[in-house]
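Offset between the sequence shown (1-based) and my numbering: plus 30. Reviewing the structure listed below.
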Amino acid sequence: MWESILLTVAATAGNNIGKILQKKGTIILPPLSFKLKIIRTYALNKTWLIGFLMDIFGALLMLRALSLAPVSVIQPVSGCGLAILSIFSHFYLKEVMNIVDWVGITLAGFGTIGVGAGGEEQEAVALSIFHIPSLAFVVFILFILLNGWLRICKRQRREQEMMEYDVVEEIIYGLESGILFGMSAVISKMGFLFLEQGFHKLLVPLCIMISVCCSGTGFYYQTRGLKHGRAIVVSTCAAVASILTGVLAGMLALGERLPSAPKARLALLLGWLLIIVGVILLVSSTRLVRFLTCSSRFSKRSNVDKNYGSRRPGSSRAREPSPSAVIQAATLNHLLSSSSSKEKA
Numbered sequence: 031m032w033e034s035i036l037l038t039v040a041a042t043a044g045n046n047i048g049k050i051l052q053k054k055g056t057i058i059l060p061p062l063s064f065k066l067k068i069i070r071t072y073a074l075n076k077t078w079l080i081g082f083l084m085d086i087f088g089a090l091l092m093l094r095a096l097s098l099a100p101v102s103v104i105q106p107v108s109g110c111g112l113a114i115l116s117i118f119s120h121f122y123l124k125e126v127m128n129i130v131d132w133v134g135i136t137l138a139g140f141g142t143i144g145v146g147a148g149g150e151e152q153e154a155v156a157l158s159i160f161h162i163p164s165l166a167f168v169v170f171i172l173f174i175l176l177n178g179w180l181r182i183c184k185r186q187r188r189e190q191e192m193m194e195y196d197v198v199e200e201i202i203y204g205l206e207s208g209i210l211f212g213m214s215a216v217i218s219k220m221g222f223l224f225l226e227q228g229f230h231k232l233l234v235p236l237c238i239m240i241s242v243c244c245s246g247t248g249f250y251y252q253t254r255g256l257k258h259g260r261a262i263v264v265s266t267c268a269a270v271a272s273i274l275t276g277v278l279a280g281m282l283a284l285g286e287r288l289p290s291a292p293k294a295r296l297a298l299l300l301g302w303l304l305i306i307v308g309v310i311l312l313v314s315s316t317r318l319v320r321f322l323t324c325s326s327r328f329s330k331r332s333n334v335d336k337n338y339g340s341r342r343p344g345s346s347r348a349r350e351p352s353p354s355a356v357i358q359a360a361t362l363n364h365l366l367s368s369s370s371s372k373e374k375a
């Protein structure tokens with residue numbers, strides 16, 4: 031089990047770091063096309079080429095991990111890729127990390143340990159080739175419901191003449207991409223199970239091709255959400271939906287189950303929870319720190335105003351007359367008394 035978890039961590043590290051290196055390399059490169067000159071320019075760029083090879087190597091390691099362990103274990107652990115990406119960005123790209131980032135990384139790390147301690151090898155359950163159409167049908171129904179909801183939100187936004195995306199639209203795009211990412215891992219695992227149970231060998235490349243199509247479509251929906259919506263909402267929903275889809279589909283379609291021992295079951299469930307919370311914190315760290323900073327400043331300002339307001343009336347009531355004020359009042363009384371005596375005389 032630990033071997034597959036380490037392979038998953040290495041795979042998701044290769045995927046995420048590879049994408050960052052590719053993005054960094056494309057800064058000085060022209061838009062990618064199928065022209066031989068453009069492809070040669072990309073191949074000669076050292077940063078982009080290293081990122082591309084790391085991405086491919088990570089995908090191969092992920093396939094190997096899926097062939098060794100249940101998808102309900104592999105998919106949550108793959109959520110730790112965001113933690114690895116944050117550490118890489120901090121040390122390589124010199125990006126500043128706040129306290130929430132470190133808390134999210136710590137929680138994701140402990141969650142991975144919990145999943146490794148609670149996960150166990152499981153006996154292969156007899157699968158049917160008809161599971162693929164059934165999974166496709168379930169995903170199709172989900173997407174009909176989500177896209178119907180999305181159209182209603184877009185129509186309401188047009189009627190109200192709103193330019194910005196509504197939060198519901200961002201959530202829907204994140205959920206759609208996350209569901210497809212989770213289904214990609216499940217279908218890949220299904221191909222390896224078919225091979226173990228004596229089905230035709232062509233089912234493995236077929237399942238991998240379907241998995242690649244699911245991942246590509248998931249990136250399409252995620253890109254649409256990120257183009258107009260807020261990255262924090264889309265990315266969080268995609269990460270959580272990917273983990274939950276992998277776990278639920280693995281248990282319902284692939285026959286995976288929770289560990290029989292109570293301690294192992296608790297460790298696995300706690301590991302899932304810590305990874306999800308860690309991913310949410312990593313995605314929303316910047317906005318969360320900004321919100322906490324603004325709220326702390328507002329509370330300090332309100333406390334200062336309250337203290338100033340409470341001191342002002344008390345000080346005016348308890349204020350003692352100054353010596354100059356006493357002298358002026360005594361002089362004024364003396365002048366008034368002398369002027370009145372002169373008038374009487």
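For glycine and all other residues, C-beta sits at the position ideal for the given N, C-alpha and C.
Starting from the C-beta of residue i, find all residues in its chain whose C-beta is less than 6 Å away, skip the five residues before and the five after it, and write them out in chain order.
i, result
"valine 379", "Outside the shown range of the chain (31 to 375) lies residue 379, about which nothing can therefore be said."
"threonine 295", "The amino acid occupying residue 295 in the given sequence is arginine; threonine does not appear at that position. Around arginine 295: Leu288 and Pro289."
"leucine 112", "Val309 and Leu312"
"isoleucine 305", "Pro106, Gly109, Ala138 and Gly141"
"histidine 120", "Met127"
Where residue i and residue j are concerned, what is the direct C-alpha to C-alpha distance, given to the nearest angstrom?
i, j, result
"threonine 266", "isoleucine 174", "22 Å"
"phenylalanine 160", "valine 133", "43 Å"
"glycine 148", "serine 108", "16 Å"
"leucine 59", "glutamate 125", "23 Å"
"methionine 31", "glycine 212", "20 Å"
"alanine 95", "tyrosine 72", "30 Å"
"lysine 231", "isoleucine 238", "12 Å"
"threonine 376", "leucine 303", "As displayed, the chain neither begins before 31 nor continues past 375, which places residue 376 out of reach and without an answer."
"serine 34", "serine 97", "9 Å"
"asparagine 177", "arginine 70", "40 Å"
"valine 101", "tyrosine 251", "23 Å"
"leucine 36", "alanine 99", "11 Å"
"threonine 253", "leucine 282", "29 Å"
"arginine 188", "valine 198", "14 Å"
"alanine 268", "glycine 204", "4 Å"
"alanine 166", "glutamine 190", "36 Å"
"leucine 79", "glycine 301", "35 Å"
"phenylalanine 224", "serine 272", "23 Å"
"leucine 210", "leucine 233", "20 Å"
"glutamate 286", "glycine 248", "24 Å"
"leucine 299", "leucine 284", "19 Å"
"leucine 115", "serine 164", "35 Å"
"glycine 221", "glycine 208", "20 Å"
Short of 8 Å in beta carbon distance, which residues of its chain neighbour residue i, apart from the five on each side in sequence? Order them along the chain.
i, result
"alanine 40", "Gly88 and Leu91"
"aspartate 85", "Gly44, Asn45, Gly48, Lys49 and Gln52"
In this structure, how does DSSP classify residue i when only helix, strand and coil are distinguished?
i, result
"valine 126", "coil"
"lysine 231", "coil"
"leucine 284", "coil"
"leucine 59", "coil"
"proline 351", "Reliability of the predicted coordinates at proline 351 is poor, the pLDDT of 45 falling under 50, and the value obtained from them is presented with this limitation in mind. In the structure shown, proline 351 sits in coil (DSSP, three-state: anything other than H, G, I, E or B)."
"glutamine 105", "helix"
"phenylalanine 160", "coil"
"serine 314", "coil"
"glutamine 252", "helix"
"cysteine 183", "helix"
"methionine 220", "helix"
"serine 290", "coil"
"alanine 215", "helix"
"cysteine 110", "coil"
"alanine 99", "coil"
"phenylalanine 87", "helix"
Ordered along the chain, which non-local residues of its own chain (more than five positions away) have a Cβ less than 7 Å from that of residue i?
i, result
"isoleucine 202", "Leu176, Trp179 and Leu180"
"lysine 54", "Thr77"
For chain D, find out if any of its Cβ atoms is closer than 9 Å to the Cβ of residue i; answer yes or no.
i, result
"glycine 221", "Here chain D cannot be found, since the structure has a single protein chain."
Touch check for the stretch 77-90 and the stretch 44-54: three-plus C-beta pairs under 8 Å?
Using a Cβ-Cβ distance cut-off of 8 Å, the stretch 77-90 and the stretch 44-54 are in contact, since at least three pairs of beta carbons, one from each stretch, lie closer than that value.
For the structure I just gave you, are there three or more beta carbon pairs, one from the stretch 216-223 and one from the stretch 235-247, closer than 8 Å?
By the Cβ test, the stretch 216-223 is in contact with the stretch 235-247, since at least three Cβ pairs between them sit closer than 8 Å.
Are there three or more Cβ pairs, one per stretch, closer than 8 Å when the stretch 322-331 is compared with the stretch 132-146?
When Cβ pairs closer than 8 Å are counted between the two stretches, the stretch 322-331 is seen not to touch the stretch 132-146, the count staying below three.
Three or more C-beta pairs closer than 8 Å, one from the stretch 271-280 and one from the stretch 91-106: is that the case here?
Cβ pair count under 8 Å is three or more, so yes.
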